[in-house]
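Working notes, beginning with the structure itself.
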Amino acid sequence: DSVLQFENSVLTQNIGELPTNLGKAVIITHHALSSDYTFLRRYLETHPEIVKRWSQTLDIECEDEKNLSRLMLNYAMYDNKEGIVLFSSTKAENIQHNVRAVTESPFSAEQLQIFAELVRRDVIESSLRVRDAAAYISLM
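Quick note, in my numbering, the sequence shown goes up one by one and the last residue is 195.
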């Protein structure tokens with residue numbers, strides 16, 4: 056059996072890149088929050104129209120930082136159902152909050168799938184389009 060450890064979050068979504076013939080490999084993922092949480096929180100702060108649409112679509116207040124971290128952690132657990140999801144914090148209250156967030160999850164699988172799709176469409180693909188446009192402009 057093999058062990059694979061890599062970064063996976065709602066922003067990186069690396070698990071989907073794995074080959075399907077891994078057998079009984081143990082999958083360990085990390086960085087479900089950290090800099091991705093900070094990036095996503097700041098991104099949403101500057102895009103209130105996205106926050107409003109996400110909140111309506113997911114039926115949860117996405118501007119609430121605790122809800123955003125809960126969504127991100129639960130997505131990481133959902134995406135790596137059979138594996139191990141690592142997270143770290145230097146604050147005991149954050150560790151307690153994060154453990155409660157996944158052991159007492161209020162989210163359905165459908166909400167987590169939709170959350171990932173929203174992030175992919177509104178953040179990842181949008182950021183790639185902006186980057187590509189900037190690269191094109193710099194070539195002119």
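Using N, Cα and C, we set each Cβ at its ideal position, and we do this for glycine too.
The bridge partners DSSP lists for residue 84 are 61, 140. Straight across, the Cα-Cα distance linking residue 154 with residue 61 is about 21 Å.
A direct Cα-to-Cα measurement between residue 170 and residue 148 gives close to 25 Å. Closest in alpha carbon position to residue 136, among 81, 66, 56, is 81.
When rounded, the separation of the alpha-carbon atoms in residue 125 and residue 158 is 11 Å. Pairing residue 134 with residue 90, the inter-Cα distance amounts to about 19 Å. In the three-state reduction of the DSSP assignment, residue 78 falls in the coil class.
Secondary structure note for residue 103: its alpha helix (DSSP H) is the uninterrupted segment 103 to 113.
In this structure residue 92 is in contact with residue 127, their Cβ atoms being roughly 6 Å apart against a cut-off of 8 Å. Exclusion of the five residues before and after residue 160 leaves 129 as the residues of its chain whose Cβ lies within less than 6 Å of its Cβ. With a threshold of 16 other beta carbon atoms within 10 Å, residue 64 meets it and is buried. In this model, residue 175 and residue 85 are separated by some 19 Å (Cα to Cα).
Judged by DSSP in its simplified three-state form, residue 69 adopts coil rather than helix or strand.
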